[in-house]
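Residue numbers (my numbering): 392 to 792. Cβ atoms here follow ideal geometry from the backbone N, Cα and C, with glycine treated the same way. This report refers to the structure that appears directly beneath it.
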Ligand SMILES: [Zn+2]
């Protein structure tokens with residue numbers, strides 16, 4: 392029986408600080424928080440460290456190496472928001488039973504019209520994609536994703552402009568039909584929207600969450616009100632919007648000695664690079680919008696849009712820590728930012744077994760030096776990571792890349 396107690400750490404349970412309490416684990420599950428120690432259990436001395444729930448990145452495009460790298464940064468779950476099903480769905484099954492990679496949930500392939508986003512980014516890389524060109528094709532599309540065991544439905548509302556392209560946009564009647572069909576089948580709907588207009592269309596259609604934040608325009612109080620009134624959650628992906636607007640946030644991350652040994656050189660270069668398709672001032676718009684969402688009580692979740700090579704400005708695992716810093720820059724307290732990467736995301740995605748340190752939860756845990764609830768930058772000072780109670784070997788990987 393794999394039984395141990397993590398002792399001496401300050402505990403952040405996903406919602407709040409509990410102080411220095413014992414966290415006991417047996418067979419992959421947290422068995423007590425602050426309870427009496429079971430005699431004979433191994434003790435992990437965590438003095439001077441903070442224990443957090445394993446982090447959840449609410450927006451990625453994953454593969455096996457991505458999930459392995461993510462786990463070294465304490466990201467124990469990635470929520471994939473469009474991947475090709477023939478690669479992703481077998482990986483999702485493998486990840487469920489593995490202890491050396493992050494767990495993953497996936498939308499499988501997102502709904503886009505023929506030739507729609509992100510076809511322009513994936514030229515020559517994939518086989519033919521399932522799409523829907525009319526309302527009549529929507530039930531078949533949704534049934535296809537359900538047959539693949541997709542965890543939620545992703546829809547693309549994108550004309551390509553913000554990414555420097557021009558692509559066909561999903562018609563609004565198809566979007567509305569997709570939301571209805573997904574909800575009738577118990578799936579949440581997540582919408583990719585990078586503009587004010589697309590965001591309004593997504594909210595009108597009744598989606599559950601937005602997988603980015605509009606970046607084309609200054610803060611729009613009316614739209615924020617509509618998002619709040621509709622109860623829609625938002626994954627702003629500040630990491631990616633920083634890249635689109637040419638900020639240097641990810642370059643600092645790529646230079647960090649706590650990041651470099653865990654990320655292959657080609658990925659460090661990509662992390663330090665940016666899309667730069669919009670003027671820099673647009674990032675100030677985004678920060679103001681995120682601040683307004685927070686003030687309006689909207690659930691803001693931490694997600695990066697870390698994807699595959701070719702999408703500059705992000706790297707799996709590392710970028711979620713960058714996202715926490717950017718949320719703090721937008722006015723979040725460190726505690727609020729950490730909630731956005733743990734309990735809040737688990738709650739909004741219906742992941743009832745994770746995101747919190749509590750009796751009966753999965754022992755997905757991150758131990759860091761220092762106190763990220765006071766200085767969020769400490770989240771990168773990873774001392775140990777456990778996935779379902781199994782401690783990850785944190786040997787550097789650069790030498791084999
Ligand atoms: Zn994405």
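Can you name, in chain order, every residue of its own chain whose Cβ lies under 6 Å from the Cβ of residue i, other than the five neighbours on each side?
| i | result |
| --- | --- |
| residue 734 | 405, 406, 746, 747 |
| residue 380 | Past the boundaries of the shown model lies residue 380; the chain is included only from 392 to 792, so the question cannot be answered. |
| residue 396 | 413, 415, 428, 432, 434 |
| residue 443 | 403, 757 |
| residue 559 | 504, 506, 507 |
| residue 359 | Nothing can be reported for residue 359: it is not among the residues displayed for the chain, which extend from 392 to 792. |
| residue 550 | 560 |
| residue 710 | 630, 695, 697 |
From the DSSP output, in three-state form, read off residue i for me.
| i | result |
| --- | --- |
| residue 747 | coil |
| residue 583 | strand |
| residue 777 | strand |
| residue 769 | helix |
| residue 451 | strand |
| residue 638 | coil |
| residue 726 | helix |
| residue 547 | strand |
| residue 400 | coil |
| residue 600 | strand |
| residue 793 | Summary: the structure shown does not reach residue 793, with the chain confined to residues 392 through 792, and so no result is reported for it. |
| residue 788 | Bear in mind that the predicted position of residue 788 carries a pLDDT of just 49, short of 50, making it unreliable; the figure below should be weighed with that in mind. Three-state DSSP puts residue 788 in coil, outside helix and strand. |
| residue 679 | helix |
| residue 650 | coil |
| residue 458 | helix |
| residue 629 | helix |
| residue 623 | coil |
| residue 502 | strand |
| residue 395 | strand |
| residue 697 | strand |
| residue 753 | strand |
| residue 429 | coil |
Does the distance from the CB of residue i to the CB of residue j come in under 9 Å?
| i | j | result |
| --- | --- | --- |
| residue 682 | residue 729 | no |
| residue 805 | residue 410 | Residue 805 lies beyond the stretch modelled for the chain, which goes from 392 to 792, so this question has no answer here. |
| residue 595 | residue 638 | no |
| residue 751 | residue 421 | yes |
| residue 489 | residue 471 | no |
| residue 582 | residue 548 | yes |
| residue 597 | residue 626 | no |
| residue 445 | residue 666 | no |
| residue 762 | residue 438 | no |
| residue 678 | residue 622 | no |
| residue 697 | residue 457 | yes |
| residue 708 | residue 419 | no |
| residue 699 | residue 452 | yes |
Kindly list the residues whose CB is nearer than 7 Å to the CB of residue i, restricted to its own chain and excluding five residues on each side of it in sequence; keep chain order.
| i | result |
| --- | --- |
| residue 529 | 523, 565, 568, 569, 572 |
| residue 767 | 715, 716, 719, 725, 728 |
| residue 494 | 467, 468, 486, 487 |
| residue 538 | none |
| residue 423 | 415, 750 |
| residue 668 | 553, 554, 555, 635 |
| residue 521 | 500, 532, 535 |
| residue 674 | 632, 633, 636, 638 |
| residue 540 | 480 |
| residue 703 | 634, 661, 664, 665, 666 |
| residue 774 | 440, 758, 759, 760 |
Over what stretch of residues does the alpha helix (DSSP H) that includes residue i continue unbroken?
| i | result |
| --- | --- |
| residue 514 | No alpha helix (DSSP H) holds residue 514; DSSP gives it neither H nor E. |
| residue 718 | 709-720 |
| residue 556 | Careful: residue 556 lies outside any alpha helix (DSSP H) and carries neither H nor E. |
| residue 607 | Premise fails: residue 607 is in no alpha helix (DSSP H) and is neither H nor E. |
| residue 477 | 476-487 |
| residue 529 | 529-538 |
| residue 738 | 734-739 |
| residue 706 | Note, residue 706: premise wrong, no alpha helix (DSSP H); not H, not E. |
| residue 657 | 656-663 |
So residue i is in the beta strand (DSSP E); what residue range does that whole segment cover?
| i | result |
| --- | --- |
| residue 421 | 420-424 |
| residue 496 | 494-497 |
| residue 444 | 440-444 |
| residue 408 | 408-411 |
| residue 417 | 414-417 |
| residue 433 | 433-436 |
| residue 760 | 756-760 |
| residue 467 | 466-471 |
Considering only residues of the same chain and omitting the five flanking positions on each side of residue i, which have a CB-CB separation below 8 Å?
| i | result |
| --- | --- |
| residue 791 | Per-residue confidence for residue 791 stands at a pLDDT of 42, beneath the threshold of 50, marking its modelled position as unreliable; the derived number appears in the next sentence. None. |
| residue 436 | 398, 399 |
| residue 579 | 543, 544, 573, 599, 600, 740, 741 |
Original post:
Taking one C-beta from the segment 714-731 and one from the segment 657-666 each time, how about it: are there three or more such pairs within less than 8 Å?
Top reply: In short, these stretches do not touch, since the Cβ pair count stays below three.
**Study point:** Any 3 or more C-beta pairs closer than 8 Å across the segment 604-618 and the segment 686-695
**Key:** Touching, yes.
Meets three-Cβ-pair contact criterion under 8 Å: the segment 582-589 and the segment 475-489: Not touching, per the Cβ criterion.
TODO: Please determine if the segment 460-468 and the segment 502-520 are in contact, where contact requires at least 3 C-beta pairs separated by less than 8 Å.
DONE: The segment 460-468, when compared against the segment 502-520, does not touch it at the 8 Å Cβ threshold.
| message | Would the segment 627-647 count as touching the segment 594-608 if we require 3 or more Cβ pairs under 8 Å? | response | Taking a cut-off of 8 Å for Cβ pairs, the segment 627-647 and the segment 594-608 touch, as three or more such pairs fall below it.
Per the contact definition of three or more C-beta pairs closer than 8 Å, is the segment 689-708 in contact with the segment 429-438? Cβ pair count under 8 Å is below three, so no.
_Using a strict less-than 7 Å threshold between each residue's beta carbon and the heavy atoms of ligand 2, what residues do you get?_
Ligands present in the displayed structure are limited to ligand 1, and ligand 2 is not among them.
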